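Letter by letter, the sequence shown follows residues 152 to 276 in my numbering.
The beta carbon of each residue, even a glycine, is placed where N, CA and C say it ideally should be.
Given the structure is predicted, the values throughout are model-derived calculations rather than measurements.
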Amino acid sequence: MCHQSVSLAARYLEEHGIATVVLGCARDIVEHCGVPRFLFSDFPLGNAAGRPFDEDSQRITSRLALDLLESAAAPRTTVQSPLVWSEDPGWKVDFCDLRRIPPSERASRRSAFEAEKARAREVSR
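Below is the structure:
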């Protein structure tokens, strides 16, 4: 789901007395929507809950979100996760520019993605 949709849903829930914390990677969009509590992860889109297959980063992110829910002192509180995707900030350029990834690597990643989707479909049946 997109950051804007999640943010608008959070605002609706808050208006009806349900506390929320939005986890996201698109700081500009979420803050523009004005959610009450936002945990920002400077990760690639789609990874707001932690690194894939990294239970420690996911656990840390969950704990940060629960702590924010409990401790936010004012509306529109943003907390930045201390976790980093990579020590090399070049990932931001590489992640956003497919031309920098060789065709064979793109094909390999696509194949892995499709296999993971198929596995998820099997698990959900």
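Check	Outcome
Taking C-alpha atoms, which residue in Pro226, Ala224, Val230 and Ala225 lies nearest to Ser213?	Val230
Can you give me the start and stop residues for the alpha helix (DSSP H) that Arg210 sits inside?	Glu206 to Ser222
I'd like the span of the beta strand (DSSP E) that includes Phe191, first residue to last.	Arg188 to Phe191
Is it buried or exposed, Ala224, if we count other Cβ atoms within 10 angstroms and call 16 or more buried?	exposed
Tell me whether Leu174 sits in a helix, a strand or coil according to DSSP, three-state version.	strand
Given that a residue counts as buried once 16 or more other Cβ atoms are within 10 Å of its Cβ, and exposed if not, what is His303?	Missing from the structure shown is residue 303; the chain here goes from 152 to 276 and no further.
Let's see if you can read the secondary structure: which residues bound the beta strand (DSSP E) around Val230?	Thr228 to Gln231
Considering only C-alpha positions, which residue in the set Ala160, Gln209, Leu219 and Ile211 is nearest to Gly185?	Ala160
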